[in-house]
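Going by the UniProt record's numbering, the first residue of the sequence shown is number 1, and it counts up by one from there.
Right, one structure below, let's go through it.
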Amino acid sequence: MAPEYLAHGQLTEKADVYSFGVLILEVVTGMENNKSKTTEYTESLPSTAWKHFKQDTVLEIFDPNLMMHSYRNNDFQKDAIKVVHVGLLCTQEAPSLRPSMSAALKMLAKDDEPLPAPSSPPFMDEKTMELNNIRQRLGNHCDGDDCSSVASVSHSQFYPR
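Shown next as structure tokens:
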């Protein structure tokens, strides 16, 4: 699910683009995005793809069934890397950085168009998730380099009857 939907319940076209990105990553890797319901942190598929993309080892995460007949085909390898690249563009943390659905489809269809560099997907690590969650709950306010948070305290006194 798109991070903005998880955090705020907002369903937008960009949330659909995020889901499309996860879907194409699932198709080409043969892996499912994490479905862990436990408290233990597990890495998401976009995070795994991002790490391999940054290390230039994308072909290592591809479904072996896709790779079996086409491994030595350079065009296939180029297309495979492009699919992951588009998947990462669709799963960027900020919705404004994600392409529209039509732009994502054009990126997949065109061979000669250079793709923009993706930024990291959401939920890269548990500490970032916790920090973002705390900031949202406390009402984080930033003005340039000066950041502050608004906190409130309530005090109750109980008296015997």
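Just so you know, even glycine gets a beta-carbon here, dropped at the ideal spot from N, CA and C.
Exercise. What is the rounded straight-line gap between the Cα of L66 and the Cα of P95?
Worked result: What you label residue 66 is simply residue 66 of the sequence shown in a count that begins at 1. What you label residue 95 is simply residue 95 of the sequence shown in a count that begins at 1. Going from the Cα of L66 to the Cα of P95 covers about 30 Å.
Exercise. For E113, which residues of its own chain have a beta-carbon under 8 Å away from its beta-carbon, when the five flanking residues on both sides are left out?
Worked result: The residue labelled residue 113 in the question sits at position 113 within the sequence shown. Closer than 8 Å at the Cβ level, and outside the excluded window around E113, lie K106, M107.
For this session: With DSSP as the reference, label I134 as helix, strand or coil.
Result: Within the sequence shown, residue 134 is the residue found at index 134, counting from 1. Per-residue confidence for I134 stands at a pLDDT of 46, beneath the threshold of 50, marking its modelled position as unreliable; the derived number appears in the next sentence. Residue state, collapsed to three classes: helix.
Exercise. Among the residues of its own chain, which have a CB less than 7 Å from the CB of V22, if the five just before and after it don't count?
Worked result: Locating residue 22 in the sequence shown gives position 22, where the first residue counts as 1. Answer for V22: N33, L45, P46, T91, listed in chain order.
Exercise. If you draw a straight line from the alpha carbon of T48 to that of F158, how long is it in whole angstroms?
Worked result: Here residue 48 is taken as the residue at index 48 of the sequence shown, counted from 1. Here residue 158 is taken as the residue at index 158 of the sequence shown, counted from 1. The straight-line gap from Cα to Cα measures roughly 52 Å.
Problem set entry | T12 versus E4 - alpha carbon distance | Locating residue 12 in the sequence shown gives position 12, where the first residue counts as 1. Locating residue 4 in the sequence shown gives position 4, where the first residue counts as 1. Rounded to whole angstroms, T12 to E4 spans 9 Å at the Cα level.
Exercise. Can you round the beta-carbon distance between L89 and P121 to whole angstroms, since I take them to be within the 8 Å contact cut?
Worked result: Position 89 of the sequence shown holds residue 89. Position 121 of the sequence shown holds residue 121. The pair is not a contact, with the Cβ atoms about 10 Å apart (cut-off 8 Å).
Exercise. What is the DSSP secondary structure of L88, reduced to helix, strand or coil?
Worked result: Residue 88 sits at position 88 when you count from the first residue of the sequence shown. Helix, per DSSP.
Problem set entry | Residue range of the alpha helix (DSSP H) that includes V22 | As a position in the sequence shown, residue 22 is number 22, starting the count at 1. From DSSP, the alpha helix (DSSP H) with V22 extends over 13 to 29.
For this session: Consult DSSP for E4 and reduce its assignment to one of helix, strand or coil.
Result: The residue you call residue 4 lines up with position 4 of the sequence shown. DSSP places E4 within a helical segment (H, G or I) once states are collapsed to three.
Problem set entry | DSSP-derived helix/strand/coil call for K78 | Indexing the sequence shown from 1 puts residue 78 at position 78. It is helical.
Problem set entry | Nearest-angstrom Cα separation, counted from H8 out to P160 | For the purposes of this step, residue 160 is identified with residue 160 of the sequence shown, where counting begins at 1. For the purposes of this step, residue 8 is identified with residue 8 of the sequence shown, where counting begins at 1. The straight-line gap from Cα to Cα measures roughly 42 Å.
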